[in-house]
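Protein chains in written order, with this note's numbering: chain F, 9 to 318; chain Y, 4 to 369.
So, in structure tokens, the structure goes:
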């Protein structure tokens with residue numbers, strides 16, 4: 009295995025992992041506030057079509073990122089209104105949001121089918137981004153670097169700022185946070201909207217970086233992987249970064265196992281590589297549920313409606 | 004004029020049963036508007052998706068066929084939701100049951116006899132229950148969140164199915180299509196109404212749904228499930244074990260989902276293929292809610308959702324709508340239902356009029 013080969017695999021893995029990194033990061037913040045939003049796949053698809061349509065109409069990929077984030081965040085507010093203001097069940101509402109987003113994106117996307125858009129280029133000049141070794145650092149689209157920045161920002165926000173502390177307090181013990189005087193509902197609205205915006209950016213990554221053509225359901229279930237990823241990472245941002253690349257690697261091995269029969273990847277059938285992220289997540293769930301010292305426990309109020317006793 | 008929400012003295016039974024109908028109606032209206040805004044024939048879409056399957060008797064058998072798995076899975080899920088135990092892995096349990104039943108089918112390819120089909124059903128029931136047992140075991144043994152684990156196990160089941168239908172179980176005479184061999188004559192669900200697609204699977208589904216209604220409304224188990232769901236502390240004092248309930252809920256809902264899976268293999272599909280998972284397991288969650296977690300309500304809700312499945316296919320050919328767009332209607336039905344739930348516990352009053360004595364009493368009591 010040559011160094012060039014390793015670099016090529018690495019770049020493929022980073023590229024394939026970035027959507028679930030964005031979406032997972034948003035879902036992590038949402039879940040840290042105590043809300044389980046299963047609408048990630050739907051919000052990603054809404055972001056994907058919004059991003060595609062924006063580039064198709066304006067040719068501006070950066071504007072597309074912003075529009076994708078805004079549209080997906082808007083769709084997440086449907087979820088927020090139902091679960092927070094009307095105390096509806098989070099599981100059912102999230103699932104409905106996924107079905108809704110899948111349907112809406114395919115309906116709007118119908119009029120864009122067959123059109124190709126201009127995707128993001130690499131950020132750095134060819135001397136760096138195409139150089140055989142340096143491209144491992146410089147050879148990515150701007151959205152990859154944006155994802156690094158977002159990981160650092162979210163980690164810093166959650167662990168080092170007052171806002172992050174309040175958000176975690178709301179997720180761990182909503183009644184206490186409420187009695188101290190913080191707006192549980194307000195914090196959760198913001199966390200859900202952030203989760204929606206990030207899912208939208210993760211969805212927009214597909215047309216903006218990976219495939220220039222619109223295809224129905226192009227996120228291919230990545231929203232569900234992102235939800236698994238948050239659990240796999242034990243609700244910790246830097247673990248999420250590592251976990252995203254680990255899942256991305258498994259996904260790449262799946263493709264290799266499918267394509268080449270004779271390599272070492274065929275020790276497992278490709279379908280088993282595809283199932284591994286979910287299996288690994290279940291194992292991690294069991295470990296963190298048993299061993300409290302392992303860290304990375306689920307937020308105590310995850311998925312539970314907040315009903316203030318008045 | 005401003006509106007104000009006022010807590011009712013007790014939940015409104017009228018609203019409990021009226022809101023599902025209202026949600027479907029509002030969905031049709033808002034759906035027509037959304038489709039028109041996007042640039043489609045909104046009224047046409049609503050007509051094809053909701054009305055054509057009802058008005059065209061030729062479509063009734065298709066509705067019955069699609070409703071059957073939704074109802075069978077939905078009545079199982081309704082039990083769990085009653086107990087506030089969230090099994091969202093029915094899609095995986097459906098696939099696991101179908102796989103187990105298909106495994107028996109492959110072993111009995113050369114056998115004949117009336118015992119084969121019941122054996123496949125038993126395997127389907129057991130396969131679904133076994134897949135449901137995984138989150139139940141994780142929850143009762145390690146306190147693992149059953150919502151997350153059952154969801155994850157769904158995708159494991161689907162990938163496992165992909166492996167079997169493209170690998171070891173692929174039909175050797177199937178021109179390398181990823182599908183299992185067709186079921187034999189003795190493995191086929193008999194047709195109930197000659198000349199139609201309506202088979203015994205639909206009849207079994209209805210019988211099971213009614214039995215589940217009896218179980219839930221007339222048995223100690225039904226009472227136990229409701230108490231564990233609505234008053235966990237009272238349930239503990241009353242001697243109802245939560246672990247016991249979790250196990251039963253997952254075995255029942257998983258088993259029924261698995262049974263639905265093997266009914267599809269021996270009935271409409273006749274085999275397993277990559278397209279076998281039809282999202283019935285996820286849509287059945289909407290069915291359970293729309294049916295108000297009551298098995299009889301689930302029958303009605305299953306028919307409504309089946310209408311949108313069939314209508315979605317009609318709209319696809321008649322109006323060139325993408326097949327997934329029926330999901331907009333399905334999701335909105337649930338959105339509006341969940342939103343209208345507030346009308347059960349609260350009444351909307353116009354602010355400014357004098358409060359009625361009854362409302363004052365209610366406020367005092369609250």
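The beta carbon of each residue, even a glycine, is placed where N, CA and C say it ideally should be.
As the structure is a computational prediction, the values presented were derived from the model and not from experiment.
For residue 98(Y) and residue 249(Y), the gap between their C-alpha atoms comes out near 21 Å.
Under DSSP, residue 221(F) forms a beta bridge with 124(F). According to the DSSP assignment, residue 6(Y) belongs to the beta strand (DSSP E) that extends over 6-10. Looking from the CA of residue 246(Y), the closest CA among 144(Y), 7(Y) and 124(Y) belongs to 144(Y).
Any Cβ of chain Y closer than 7 Å to the Cβ of residue 286(F) would place that residue at the interface, and such an atom is present. Taking a Cβ-Cβ cut-off of 7 Å, the neighbours of residue 147(Y) in chain F comprise 293, 294 and 297, given in sequence order. Judged by beta-carbon spacing, residue 112(F) lies beyond the 7 Å limit of residue 101(F), meaning their Cβ atoms are not closer than that value. By the rule that beta-carbons nearer than 7 Å mark a contact, residue 107(F) touches chain Y. DSSP places residue 205(Y) outside any beta strand (DSSP E); the residue lies instead in the alpha helix (DSSP H), whose first and last residues are 203-221.
Taking the Cα of residue 150(F) as reference, the smallest distance to any Cα among 279(F), 121(F), 213(F) and 314(F) is reached at 213(F). If the five residues before and after residue 79(F) are omitted, its C-beta is found closer than 7 Å to the C-beta atoms of 54, 55, 58 and 208, all from its own chain and listed in chain order. For the segment 336-348 of chain Y, residues whose beta-carbon sits nearer than 8 Å to a beta-carbon of chain F comprise 337, 338, 341, 342, 344 and 345. Taking CB atoms only, residue 70(Y) has no neighbour in chain F less than 7 Å away. Our two residues, residue 65(F) and residue 126(F), have alpha carbons roughly 11 Å apart in a direct line. With the criterion set as a beta carbon lying under 8 Å from some beta carbon of chain Y, the members of the segment 118-152 of chain F are 118 and 119, in sequence order.
Taking a C-beta cut-off of 8 Å against chain Y, none of the residues of the segment 167-198 of chain F qualify. For the C-beta of residue 151(Y), the chain F residues within less than 7 Å are, from N- to C-terminus, 239 and 293. Close partners of residue 312(Y) in chain F (Cβ separation under 7 Å) are lacking, with about 12 Å as the shortest Cβ gap. Residues of the segment 84-113 of chain Y that bring their beta carbon within less than 9 Å of a beta carbon in chain F comprise 84, 89 and 91, in sequence order. Per the Cβ contact rule, the segment 241-259 of chain F is in contact with the segment 16-36 of chain F (3 or more Cβ pairs under 8 Å). Below the 7 Å Cβ cutoff, chain Y contributes no neighbours of residue 69(F), its closest Cβ being approximately 24 Å away. Chain order gives no chain Y residues near residue 37(F), where near means a beta carbon separation below 7 Å; the closest approach is about 17 Å.
Looking at the backbone, the Cα of residue 227(F) and that of residue 310(F) are separated by about 26 Å.
In the DSSP assignment, residue 350(Y) falls within the beta strand (DSSP E) that extends over 349-353. Distance from the CA atom of residue 334(Y) to the CA atom of residue 223(Y), rounded to whole angstroms, is 34 Å.
Counting only unbroken stretches of 4 or more residues, the alpha helix (DSSP H) elements lying wholly within the segment 114-192 of chain F are 134-137, 143-146, 150-168, 170-180 and 182-188, in sequence order.
Just measuring C-alpha positions, the residue of 126(Y), 86(Y), 111(Y) and 65(Y) sitting nearest residue 100(Y) is 126(Y).
Contact between residue 23(Y) and residue 293(Y) holds: their C-beta atoms lie close to 5 Å from each other, under 8 Å. Under the 10 Å beta carbon count, residue 40(F) is surrounded by 16 or more other beta carbons and is classified as buried. Among the CB atoms of chain F, none fall inside 7 Å of the CB of residue 34(Y). When DSSP states are grouped into helix, strand and coil, residue 96(Y) belongs to the helix group.
Counting only runs of 4 or more residues that sit fully inside the segment 308-345 of chain Y, the alpha helix (DSSP H) segments are 329-343, in chain order.
For residue 103(F), a Cβ of chain Y is located within less than 7 Å of the residue's own Cβ. Using a Cβ-Cβ cut-off of 7 Å, residue 166(Y) is close to 277, 279 and 280 of chain F, given in chain order.
Here residue 198(Y) is exposed, its C-beta having fewer than 16 other C-beta atoms within 10 Å.
Burial check for residue 96(Y): the Cβ neighbour count within 10 Å reaches 16 or more, so the residue is buried.
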